[in-house]
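Chemist: Residue numbers (the numbering used here): 663 to 976.
Glycine included, each C-beta is placed from N, C-alpha and C at the ideal position.
The following block contains the structure:
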């Protein structure tokens, strides 16, 4: 039977969710998960800078090293919003590989970032794969971070560090879908370790901080306070002006229809932060719930019609 998380559920989803009682108390997060070692198998870096110019958002800075890049900016909704497709290493990420993405969205600039397909994190061979993402959004700017799902193969050792810095009058919508193992191929995530950390600051105040640590085959994978034996978890976080409670109710109702009694989901508003969660065994249902709730949030927070990125339909 489908179960819907209520607001209080988000204060106790294992170690992965920060307590809502202390969510808006400024505190200093721990030091970065790890620094970049010299002897990595493959290093790739991408730096992007966007600027608003007379109503047009332009990609004015683009530096890359290694197999991490964007080919060109797209304008599927007109010149006001610039979309870029971040191309990951085509062969996937293996143990020792390191990726770093840095973006700066200037004042009043509007940007959407996505990827052409799922990110595949392969067996680590006792080496850690790392990805660091840093976003900085200035006053009046907006950023939509919409990568497709991340698939963690058995024995993968991965560290993900995601940091967002927002000016007071800026907006951010970000989505992550994590798939543990390859259920279609009969492969489960029995060995390996995934560490994920997400922090969001707005107007110099920490408004969101959570961290997740999962070891393959551990009680955290099967226990009721974490994944409860499920293989897919997804989170959408939106930061901006508070939206009417009726829209939160609408999002819950639509997520319930999509879930169809399979998997757990929740939609919660915490002051200026809206959080959508999914926990189940279907990456397709996760995608549909994330996109549908994003489709409700986008017009309300950005004043733009929800047009699904073309890459998500391929």
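#1: Go through its chain and collect everything with a Cβ distance to residue 964's Cβ below 7 Å, but skip five positions before and after it.
#2: Measure the CB-CB distance between residue 710 and residue 732 and report whether it falls below 9 Å.
#3: Can you name the start and end residues of the beta strand (DSSP E) that residue 775 belongs to?
#4: Starting from the N-terminal side, write out each stretch of the beta strand (DSSP E) that is 3 residues or longer and does not extend beyond the stretch 704-742.
#5: Looking at C-alpha atoms only, which residue of 945, 908, 922 is the closest neighbour of residue 929?
#6: Checking the sheet assignment: what are the DSSP bridge partners for residue 812?
#7: I'd like to know if the stretch 912-924 and the stretch 894-901 are in contact, where contact means that at least 3 CB-CB pairs between them fall below 8 Å.
#8: List the whole-angstrom C-beta distance separating residue 704 from residue 751, where the pair is believed to meet the contact cut-off of C-beta under 8 Å.
#9: At what residues does the beta strand (DSSP E) containing residue 956 begin and finish?
#10: Between residue 971 and residue 891, what straight-line distance do the alpha-carbon atoms span, to the nearest angstrom?
#11: Taking all protein chains shown into account, do 16 or more other C-beta atoms lie within 10 angstroms of the C-beta of residue 663, making it buried, or fewer, making it exposed?
#12: Between which residues of its own chain and residue 931 is the CB-CB distance below 6 Å, once the five residues before and five after are set aside?
#13: Indicate whether the contact test is met: 3 or more Cβ pairs, each with one atom in the stretch 782-801 and one in the stretch 823-830, closer than 8 Å.
#14: Starting from residue 970, trace the beta strand (DSSP E) in both directions and tell me its first and last residue.
#15: Here's the rule I'm using: 16 or more other beta-carbon atoms within 10 Å means buried, otherwise exposed. How should residue 725 be labelled?
#16: Less than 9 Å between the C-beta atoms of residue 949 and residue 839, yes or no?
#17: To the nearest angstrom, how far is it from the Cα of residue 765 to the Cα of residue 712?
#18: Using DSSP with H/G/I as helix, E/B as strand and the rest coil, what is residue 868?
#19: If the criterion is Cβ atoms closer than 9 Å, does the pair residue 644 and residue 791 meet it?
#20: To the nearest angstrom, report how far apart residue 814 and residue 795 are at their CA atoms.
#21: Starting from residue 847, trace the beta strand (DSSP E) both ways and give me its first and last residue.
#22: Below 8 Å on the Cβ atoms is my contact criterion, and I expect residue 904 with residue 933 to pass it. Report the Cβ-Cβ distance as a whole number of Å.
#23: According to the Cβ coordinates, are residue 745 and residue 779 closer than 9 Å?
#24: Would you mind reading off the limits of the beta strand (DSSP E) that contains residue 936?
#25: Buried or exposed, going by whether 16 or more other CB atoms sit within 10 Å of the CB of residue 818?
#26: With distances taken between CB atoms, is the gap from residue 775 to residue 808 smaller than 9 Å?
#27: Which stretch, first to last residue, makes up the beta strand (DSSP E) that contains residue 790?
#28: So the candidates are 717, 730, 880; which of them puts its Cα closest to the Cα of residue 769?
#29: What separation, rounded to the nearest whole angstrom, lies between the Cα atoms of residue 883 and residue 771?
#30: Identify which residue in 894, 885, 831, 763 has its Cα closest to the Cα of residue 865.
Modeler: Well, looking at it:
#1: 804, 833
#2: yes
#3: 772-776
#4: 705-715, 718-727
#5: 908
#6: 781, 840
#7: no
#8: 7 Å
#9: That residue, residue 956, is in no beta strand (DSSP E); its alpha helix (DSSP H) goes 945-964.
#10: 31 Å
#11: Any reading at residue 663 needs caution, since the residue's pLDDT is 41, under 50, leaving its predicted position unreliable; the model's value is listed next. Exposed, by the Cβ-count rule.
#12: 910
#13: yes
#14: Neither: residue 970 is in no beta strand (DSSP E) and is coded neither H nor E.
#15: exposed
#16: yes
#17: 8 Å
#18: strand
#19: Given a span of 663 to 976 for the chain in the structure shown, any question on residue 644 remains unanswerable.
#20: 18 Å
#21: Unbroken run through residue 847: none, as it is neither H nor E.
#22: 7 Å
#23: no
#24: 935-942
#25: buried
#26: yes
#27: Residue 790 -> no beta strand (DSSP E), and no H or E assigned at all.
#28: 717
#29: 40 Å
#30: 831
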